[in-house]
Amino acid sequence: QGFWEEGLPTMAGKYQEPGGNQYSGMWSEGRASGAGTFKFGDGGRFQGFFNDGLPDGTGTMIYRNGDRYEGAWRAGRQHGAGTYTWSNGDQYRGQWQDNQMHGEGVWQPASGDQCQVMVHAGKVVSCTSAV
Numbered sequence: 002q003g004f005w006e007e008g009l010p011t012m013a014g015k016y017q018e019p020g021g022n023q024y025s026g027m028w029s030e031g032r033a034s035g036a037g038t039f040k041f042g043d044g045g046r047f048q049g050f051f052n053d054g055l056p057d058g059t060g061t062m063i064y065r066n067g068d069r070y071e072g073a074w075r076a077g078r079q080h081g082a083g084t085y086t087w088s089n090g091d092q093y094r095g096q097w098q099d100n101q102m103h104g105e106g107v108w109q110p111a112s113g114d115q116c117q118v119m120v121h122a123g124k125v126v127s128c129t130s131a132v
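Note that this note's numbering has the sequence shown beginning at 2, numbered continuously upward.
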């Protein structure tokens, strides 16, 4: 549903796949490009910016298990500053690289005792209490 050019969706439009995935937003040359919302058939959802069909820029991903990531994306991966909140209430606010926590951040468990962390490739290497 929307505008088509040379057989490809372009500008604003909506598309639904047989498996239940649905995209609504801007298109360029048949790919999601610009602001949009992608709803996964399993219940997850991404709202934000796309480039070449992938999340790119800023956006929010809500996973089907209730986890949530808000922040920077590059080529479909969490990359840059972002906040990940697990469904149990634990939270990491900080830097991401290639879909992994990486660099400086703040770890806030649901219990409330937060600490300043240094993370390398998804693994916490140091934690300093009382941020």
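We put the beta carbon where it would ideally sit given N, CA and C, even for glycine.
query	result
Return helix, strand or coil for Trp108, following the three-state DSSP convention.	strand
In the DSSP assignment, the beta strand (DSSP E) including Gln92 goes from what residue to what residue?	92–98
Tell me, which residues are paired with Glu71 by DSSP?	Thr61, Thr84
From this set, Gly35, Tyr70, Met27, which residue's C-alpha is nearest Arg46's C-alpha?	Tyr70
On the three-state DSSP scale, how would you describe Gln115?	coil
Report the residue from Lys15, Gly42, Gly20 whose alpha carbon sits nearest the alpha carbon of Arg32.	Lys15
For Asn89, which of helix, strand or coil comes out of DSSP?	coil
How about Gly72 and Thr84: do their beta carbons lie closer than 8 Å?	yes
Which residues does DSSP pair with Ser34 in a beta bridge?	Ser34 is not bridged to any residue.
Does the Cβ-Cβ distance between Gln48 and Gly58 come in under 8 Å?	no
Based on Cα-Cα distance, which residue from His121, Gln92, Thr129 lies nearest to Ser112?	Gln92
Is Asn52 near Lys40, with beta carbons less than 8 Å apart?	no
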